[in-house]
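Below is one structure, written out as structure tokens, with a few remarks after it.
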Amino acid sequence: MIYKEFGKTGKMVSALGMGVSRFQPQEYNTPAGMERCADVIVKAWECGINYFDVAPTYCGWKAEEILGLALRQMKSPVYVTTKSSSTQDPTADALRRRLETSLKRLGLEKITFYNMWGILNYDQYLDVIKPGGPYEGALKAKEEGLIEHIGFSSHCTGEELERILEDDLFEGITIGYNAINFKYRERGLLAAQRKGLGVAIMNPLYGGVIPQNPQKFNFIRNAENQTLAQAALLFNASQDAISVVLSGMVSEQEINENAACFTEIQKFTDEKIDFIKRKIEKEFDTLCTGCNYCAGCPQNIKINQLMLAYNQYVLTDNSVAEFRRYMNEVWRYTEEVSFACRKCGLCEKKCTQHLPIIERIERINGFAEQYLDQVAPRLQELFTIGEGGKLGIYAAGPFAKRLLDMYQRVVGRIDFPIFFFDSNPDKWGKESVLEGNVTYAPEKIRELGITKIIIASEAFFGEIYESIKYLEAYGIEICAARIR
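1460 is the number that the working numbering gives to position 429 of the sequence shown; each next residue is one higher, with no gaps.
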């Protein structure tokens, strides 16, 4: 493992650090699961990693406890950074309470690097350092030996970072910087280097965006035997201004792969860096990292899900088809779903990437409207019946409800009778997917005088058709509810 000086602090930190933030609920929701997560952290330490970045809220508020379990098994010097957010802890006293809780969870007597967390702009910085504010609390804790070094994490512009650093209040900084946005972020990094700060890099893989899109970002690779993830990590580690590169590793496999390339750091030549710069598109600086700090929408919109899907729209040259595929396969949203954004702006205030979230949701809703326009003729065809005819829908489930909802959005109110049928006896005689209707047994189709049956199931169309195709001999039309 390569080690670097962390600014002027005198600490030698591993060039690869571990962000304890990416474990998933299914991994940490039991005591045994937390122990397994801790074992992964211990594996990172065994590979030479000595810098661990955590926060109180990571991993459903359990990250500090998980790291604390791991720290009990580590003997050599280990450097921990945790944080306090001015939005949650706006005063010196509030920071002190947060710090004491963190120390207890981590099982430590002091924190090596304590960050003023997530400063988004210069005004927020002023709130942090005002009399009685969080910085004052951190400074007092440092005097008492509870903190060794005070730093901050930031998503400010380069110009704002230069102004902040002129006050000489910090010894370290954590910033978002990677191989596909660095030409827009260099100013802040160079300002930190001039001031002699230790620099930790977050999002070196852009929240997984880089390794997940090799067709777009293979130009980063600096050697044939590198994975794309390794190349992206080493791009940062090879720069003199950067002390430690954080990776949110969650498995021994990821740790082994990443740590393997930190035994010798191959420099990126000026020619290679210039080549990468030429490949960088402006949109790369506006991708979502999936941090989910935007959570808490009053309309219960899962903002981070939509923004991650929007990444695919950007990375596939504005392909709506790829956006829809991602929405469906990853998040299970269907093509016609729209989102009731009230444009309150709460998410944009919290977004660390300063993304135009409201504008993007409007565009996403536009994709839904486009889809409805495309399927409108098919919906009208499906629901059209001859004079005196009766319409039936077989499979009274989610797909039937989806069809009805789309029909009402595209065509209008349903002012004709619809009969629902299902092979599940538990549904017979009970409320169906349309208010005021019940579900019947398939044997009732002829008895009720149905003239057209829509099979509202793509997965079981063949099975359902085989069971009712005899009805065609009686003049009953059977059709599939395919709308794509």
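Cβ coordinates follow ideal geometry from the N, Cα and C atoms, glycine included. Note that the coordinates shown come from a computational prediction; the quantities given were computed from them, not determined experimentally.
Looking at residue 1089 and the ligand ATP, is the gap between the Cβ and the nearest heavy atom below 6 Å? With respect to small molecules bound, the structure shown includes none, and the ligand ATP cannot be examined in it.
Measure the alpha-carbon distance for residue 1039 versus residue 1376 and round it to whole angstroms. 40 Å
What is the residue span of the beta strand (DSSP E) that residue 1151 lies within? Neither: residue 1151 is in no beta strand (DSSP E) and is coded neither H nor E.
Alpha-carbon spacing of residue 1453 relative to residue 1410, whole angstroms: Each residue's Cα considered, the two are about 21 Å apart.
Which residue wins for smallest C-alpha separation from residue 1178, given the options 1112, 1281 and 1118? 1112
For the beta strand (DSSP E) that residue 1358 lies in, which residues bound it at each end? The continuous stretches of beta strand (DSSP E) do not include residue 1358, which lies in the alpha helix (DSSP H) extending over residues 1351-1362.
Between residue 1425 and residue 1486, is the Cβ-Cβ spacing less than 7 Å? yes
Below 8 Å on the Cβ atoms is my contact criterion, and I expect residue 1051 with residue 1080 to pass it. Report the Cβ-Cβ distance as a whole number of Å. Not a contact, Cβ separation roughly 11 Å.
Burial state of residue 1294 (16 or more Cβ within 10 Å): exposed
Does DSSP put residue 1041 in a helix, a strand or coil? coil
Relative to the C-alpha of residue 1143, which candidate in 1083, 1350, 1332 and 1471 has its C-alpha closest? 1083
For residue 1375, name the three-state secondary structure that DSSP assigns. coil
What separation, rounded to the nearest whole angstrom, lies between the Cα atoms of residue 1260 and residue 1249? 10 Å
Secondary structure at residue 1529, three-state DSSP: helix, strand or coil? Residue 1529 is absent from the model: the chain starts at 1032 and stops at 1515.
Helix, strand or coil at residue 1112 according to DSSP, with G and I counted as helix: Strand at residue 1112.
What would DSSP say about residue 1177, mapped onto helix, strand or coil? coil
Along the chain, where does the alpha helix (DSSP H) that runs through residue 1049 open and close? Where residue 1049 is concerned, there is no enclosing alpha helix (DSSP H), although the beta strand (DSSP E) it sits in stretches over 1047-1050.
Considering just the uninterrupted stretch of the alpha helix (DSSP H) at residue 1071, what are its terminal residues? 1062-1077
Member of 1115, 1193 and 1511 whose CA lies at the smallest distance from the CA of residue 1228: 1193
Going by DSSP, what residue range makes up the beta strand (DSSP E) through residue 1230? Counted as a single uninterrupted DSSP element, the beta strand (DSSP E) harbouring residue 1230 occupies residues 1229-1233.
Using only the alpha-carbon positions, how far apart do residue 1092 and residue 1446 sit? Straight-line spacing of the CA atoms in residue 1092 and residue 1446 works out to 51 Å.
Around the C-beta of residue 1282, are 16 or more other C-beta atoms found within 10 angstroms, so that it is buried, or is it exposed? exposed
Quick one: complete alpha helix (DSSP H) runs, 4+ long, within the stretch 1199-1231? Qualifying alpha helix (DSSP H) stretches, in chain order: 1217-1225.
Where residue 1101 and residue 1136 are concerned, what is the direct C-alpha to C-alpha distance, given to the nearest angstrom? 11 Å
Am I right that residue 1290 and residue 1047 are in contact with their C-beta atoms under 8 Å? What's the rounded C-beta distance? About 6 Å; that satisfies the 8 Å criterion.
Which runs of the beta strand (DSSP E) at least 3 residues long sit entirely within the stretch 1456-1505? Give them in chain order. 1483-1486
Outcome for residue 1501 when other beta-carbon atoms lying within 10 angstroms are tallied against a minimum of 16: exposed
Could you tell me the distance, in whole angstroms, from the CA atom of residue 1496 to the CA atom of residue 1480? 18 Å
Excluding sequence positions up to five away, which residues of its chain have a Cβ less than 8 Å from the Cβ of residue 1232? 1205, 1206, 1207, 1208, 1209, 1267, 1273, 1275, 1276 and 1277
Does the count of Cβ pairs from the stretch 1392-1404 and the stretch 1355-1373 closer than 8 Å reach three? yes
Please report the residue range of the beta strand (DSSP E) in which residue 1276 lies. 1275-1278
With which residues is residue 1451 paired in a DSSP beta bridge? 1424 and 1470
For residue 1458 and residue 1286, which I take to be in contact (beta-carbon distance under 8 Å), what is that distance rounded to the nearest angstrom? Contact flag wrong, Cβ pair sits at about 50 Å.
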